[in-house]
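Residue numbers (the numbering used here): -14 to 115. Ideal Cβ placement from N, Cα and C applies to all residues, glycine included. Owing to the predicted nature of the structure, the values given are computational and were not obtained by experimental measurement.
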Amino acid sequence: MRSMSTTIRPRLIVPSVDEAVTYYASVFGALETFRFTEPSGSIAHCEITIGSSALSLAQANDDYGLYAPETLSGSPVLLTAIVDDARAVGTAMTAAGATVVVPIEDRDYGRCEGRIRDPFGHLWVISQQL
-14 MRSMSTTIRP RLIVPSVDEA VTYYASVFGA LETFRFTEPS GSIAHCEITI GSSALSLAQA
46 NDDYGLYAPE TLSGSPVLLT AIVDDARAVG TAMTAAGATV VVPIEDRDYG RCEGRIRDPF
106 GHLWVISQQL
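The structure is reproduced here in structure tokens:
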């Protein structure tokens, strides 16, 4: 197999891209770098950066089969955010509307981490190396 450069960028489907951008900016310091809005007004693609990572966001749209986690009774995907202060990020997330699924605590395997469901239904493991 030949060597090639590959980048994988998740695209999170959310009910409101504007609300998601505001939320991720407030808790992770996300910056919006690109947006494509369809003539209908639906946001098909919005790219944000969080630290050295990039995520895309898209507005839920039944016509395109793009369903937010709440429509599917939850998310089958866990996103992991490796941060300097897991407790502070978890606190910021919940203060802005997220819910704790697994409390952020020191774990026997050398990490302080837990699981948070953001206001859009996406699951995050917030993790810090101890």
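Three-state secondary structure (DSSP) at THR165? Here the chain comprises residues numbered -14 to 115, so residue 165 is not present and cannot be evaluated.
Can you tell me which of PHE13, SER1, SER37, LEU40 puts its alpha carbon nearest to the alpha carbon of THR22? Taking the sequence shown and counting its residues from 1, one reaches residue 22 at position 37. Checking every option, the nearest Cα to that of THR22 belongs to SER1.
Runs of 4 residues minimum, wholly inside the segment 4 to 81: which ones carry the alpha helix (DSSP H) assignment? 71 to 80
Cutoff 6 Å; reference CYS31; Cβ partners in own chain excluding five residues on either side: Within the sequence shown, residue 31 is the residue found at index 46, counting from 1. Excluding positions up to five away in sequence, the list reads VAL2, ARG20, LEU42.
Excluding the 5 residues flanking ARG72 on each side, which residues of the same chain have their C-beta closer than 6 Å to its C-beta? As a position in the sequence shown, residue 72 is number 87, starting the count at 1. Excluding sequence neighbours, ARG72 sits near ILE89.
Does the beta-carbon of LEU40 have 16 or more other beta-carbons within 10 angstroms, so that it is buried, or is it exposed? Numbered from its first residue, the sequence shown carries residue 40 at position 55. When all chains shown are included, LEU40 counts as buried.
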